[in-house]
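Here the structure is laid out as structure tokens; the discussion comes afterwards.
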Amino acid sequence: MALPDGYAIRPYREADAAALADAEARAGRLFAAHGFAELAETPAMAPDAFHARATAGETLVCAHRGDGPVAFAIAGPVGPFMHLMELSVDPAHGRQGVGAALLDAVVARSVDAGLAGVSLSTFRDVPFNAPFYARHGFLPCAPGEAPAATRARFLLEIPPGIAPETRLIMLRRNSESVE
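Residues in the sequence shown are numbered consecutively from 1, following the UniProt record's numbering.
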């Protein structure tokens with residue numbers, strides 16, 4: 001998906017940490033309207049903690065010409081898939097194609113790496129989670145049918161205090177790859 005004028009996707013830089021941690025916290029507040037108040041109340045991460053998480057995988061940033069870093073995607077290989085650990089967009093820049101463009105960039109990285117596709121875990125019924133990914137070619141995958149590494153990651157990514165049945169694994173397979 002093409003980005004609107006004024007936006008660009010680039011690799012993460014350490015100087016992005018504070019702005020992206022704040023954007024993540026603002027995006028997290030959207031969960032309150034969908035029954036997950038405990039997620040909405042999570043304060044912004046300290047910049048050094050965000051930096052440690054961002055450098056644990058490959059982090060892509062979407063920056064806006066006037067506002068700096070406004071969104072990010074953290075991904076990395078997990079088993080045969082590129083696993084999307086997090087995609088977060090500052091709500092002030094939402095619904096403009098920023099998340100879709102970052103998602104497309106992660107899919108392209110998985111193709112370039114020769115992986116089977118992209119995996120993720122997400123909330124089943126939150127509109128900007130599973131329904132968003134479904135519109136971008138991701139399909140639900142039962143945990144028992146997922147590769148072992150994806151299944152293990154799914155279990156790790158269930159937030160504390162959140163019922164596991166509210167979450168699901170989704171996969172988008174690269175047509176030219178084989179598991």
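We put the beta carbon where it would ideally sit given N, CA and C, even for glycine.
These numbers come from a predicted model, not from an experiment.
Quick one: using the 10 Å Cβ neighbour count with 16 as the cut-off for buried, is residue i buried or exposed?
i: GLU58; result: buried
i: GLY117; result: buried
i: ASP90; result: buried
i: THR42; result: exposed
i: SER119; result: buried
i: GLU145; result: exposed
i: LEU102; result: buried
i: GLU24; result: buried
i: PRO69; result: buried
i: GLY99; result: buried
i: ALA163; result: exposed
i: ALA54; result: buried
i: ARG151; result: buried
Which residues in the same chain have their Cβ closer than 8 Å to the Cβ of residue i, if we skip the five residues on either side of it in sequence?
i: ALA105; result: ILE9, LEU60 and ALA73
i: GLY6; result: HIS64, ARG65 and GLY66
i: ARG167; result: SER121, THR122, PHE123, ARG124, PHE154, GLU157 and ILE158
i: GLY76; result: ALA56, GLY57, GLU58, MET82, HIS83 and MET85
If I measure Cβ to Cβ from residue i and keep anything under 6 Å in the same chain, skipping five residues before and after, which residues do I get?
i: GLU179; result: Confidence at GLU179 is low in this model, with a pLDDT of 45, below 50, so the placement of that residue should be treated as unreliable; the coordinate-derived value is given next. Only PRO80 and ALA116 meet the Cβ criterion.
i: LEU39; result: GLY28 and PHE31
i: MET45; result: ALA21
i: MET1; result: GLY97, ALA100, ALA101 and ASP104
Tell me, which residues are paired with residue i by DSSP?
i: ILE74; result: THR59 and GLU86
i: MET170; result: LEU120 and PRO140
Residues in the same chain with beta-carbon distance under 7 Å from residue i, minus the five sequence neighbours each way, listed in chain order, please.
i: SER177; result: Below a pLDDT of 50, predicted positions are generally treated as unreliable, and SER177, at 43, falls in that range; no measurement from the model is reported.
i: GLY137; result: ARG172
i: SER88; result: ALA23, GLU24, ALA27, ALA71 and PHE72
i: ALA107; result: Correcting the residue type first, residue 107 is Val in the shown sequence and not Ala. Correct list, in chain order: VAL118 and ARG172.
i: residue 188; result: Absent from the structure is residue 188, since the part of the chain shown begins at 1 and ends at 179.
i: PRO4; result: GLN96 and GLY97
i: VAL111; result: ASN174
Mind checking whether the beta-carbon of residue i lies closer than 7 Å to any heavy atom of the ligand NAP?
i: LEU155; result: Among the components of this structure there are no ligands whatsoever, and the ligand NAP is therefore not found.
ask   = Is the number of C-beta pairs between the region 122–129 and the region 32–45 that are closer than 8 Å three or more?
value = Yes, the region 122–129 is in contact with the region 32–45.
query = Would the region 38–57 and the region 1–19 be scored as touching if the rule is three or more Cβ pairs under 8 Å?
reply = The answer is yes - the region 1–19 touches the region 38–57, with three or more Cβ pairs under 8 Å.
query = What beta strand (DSSP E) runs, 3 residues minimum, are completely inside the UniProt domain "N-acetyltransferase" (7–157)?
reply = For the UniProt domain "N-acetyltransferase" (7–157), whole beta strand (DSSP E) runs of length 3 or above, ordered along the chain, are 7–11, 58–64, 68–78, 81–89, 117–123 and 139–141.
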